[in-house]
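Comments concern the structure below.
Residue numbers (UniProt numbering): 1 to 323.
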């Protein structure tokens, strides 16, 4: 978690910090941003700038919504009333679709983060200069290719990444069009990772936070969460990340079970609601990650559930490739 830097015209009020666990009884307003400007226009510009300075991962927030709200034409004009959101919900509540540039940044940021972690491990080893200790994209007589499957909201995305030179890649998104040549630089700035990408004639900057298979991008337009689908073999090896492959449904945050809509033996489709969780005084619907048969329901109504707890398991998929 990173918050804007307070100043004479910027105040940040928050009751949590990085590493804190937000309990099921906590008020949903975990932080407040107050800015001052000489006029409405100046204050709104400052508000948007510092809203984008909030980098929060681990809990859902309304920061993206506030950025969209403060950019709305009628809001900028000051034409605001109690029915404003309902009147303009078609513009304010649109599902975000990531541009190809963001997918490229997510893929490059993830791979550079892997290299950064690998380099730290190598430098603490007994032979840090051995080429066999370094996990880079260098290969003899050919270029290494990585195929990444990412999910944004419910959308499946594919990025094919070719290592061409150190920190330089060719990236093709969803197997369409020409690959984009990207030179990426990932630097640690006081505990935050700053990513600069040179994509052909475009230069981009964002902040990156990688948590397991989750890649968070923080940009001036808001935050974007991409989830990496682990390789197929992981779920057959009993990996701790197997829930991402679709064998289980997990709680995204701590909460209290309000309703359970399935029972062992039920057949569900991908996206079907399984359970309602009350967290931070809001409802969160846990949905089926894939079609299948429910094997176990591990919690009942009124039960407390911890973050990342498995709440429902599914019967294993028949996989001809593994037989």
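Heads up, the beta-carbon is just placed ideally off N, CA and C, and yes, glycines get one too.
Inspect the beta-carbon positions of residue 52 and residue 67 and report whether they are closer than 9 angstroms. yes
Beta-ladder partner(s) of residue 230, from DSSP: None, per the DSSP bridge assignment.
Any idea if residue 247 is buried or exposed, counting beta-carbon neighbours within 10 angstroms, 16 or more meaning buried? Buried is the call here.
On the criterion of 16 or more Cβ atoms from any shown chain inside 10 Å, does residue 223 qualify as buried, or is it exposed? buried
Less than 8 angstroms between C-beta atoms, sequence neighbours within five positions excluded: which residues of the same chain meet that for residue 282? Cβ neighbours of residue 282 beyond the five flanking positions: 28.
Starting from residue 296 and walking both ways along the beta strand (DSSP E), at which residues does that stretch end? 292-297
Flag this pair as yes or no: are the beta carbons of residue 70 and residue 31 separated by less than 9 angstroms? Cβ atoms of residue 70 and residue 31: not closer than 9 angstroms.
Report back the beta-carbon spacing between residue 275 and residue 312 to the nearest angstrom; my notes put them in contact at under 8 angstroms. 7 angstroms
Which listed residue (258, 284, 294 and 310) has its alpha carbon closest to that of residue 270: Nearest to residue 270 by alpha-carbon distance, out of 258, 284, 294 and 310, is 294.
What residues match up with residue 11 in a beta bridge as DSSP calls it? 34
Which value, in whole angstroms, describes the spacing of the CA atoms of residue 329 and residue 63? The chain is shown only over 1 to 323; residue 329 falls outside these bounds and no answer can be derived.
In terms of residues, what are the limits of the beta strand (DSSP E) holding residue 199? Element bounds for residue 199: 192-199.
With the cut-off set at 9 angstroms, would you say residue 78 and residue 40 are in Cβ contact? yes
Tell me the residue span of the alpha helix (DSSP H) that contains residue 77. Taken as a continuous stretch (DSSP letters only), the alpha helix (DSSP H) holding residue 77 covers 73-77.
Over the uninterrupted beta strand (DSSP E) stretch that includes residue 204, give me the two end residues. 202-211
The alpha helix (DSSP H) that contains residue 48, what's its start and end? For residue 48, the enclosing alpha helix (DSSP H) starts and ends at 40-51.
Can residue 218 and residue 209 be called in contact, C-beta distance under 9 angstroms? yes
Alpha helix (DSSP H) segment containing residue 54, residue limits: Neither: residue 54 is in no alpha helix (DSSP H) and is coded neither H nor E.
In or out: residue 21 buried (at least 16 other Cβ within 10 Å) or exposed? exposed
Just to confirm, are residue 145 and residue 168 a CB contact at a threshold of 9 angstroms? no
Look up residue 65 in the DSSP assignment and give the residues it is bridged to. Its beta-bridge partners do not exist; DSSP assigns none.
In three-state terms, what does DSSP make of residue 118? Correct three-state label for residue 118: helix.
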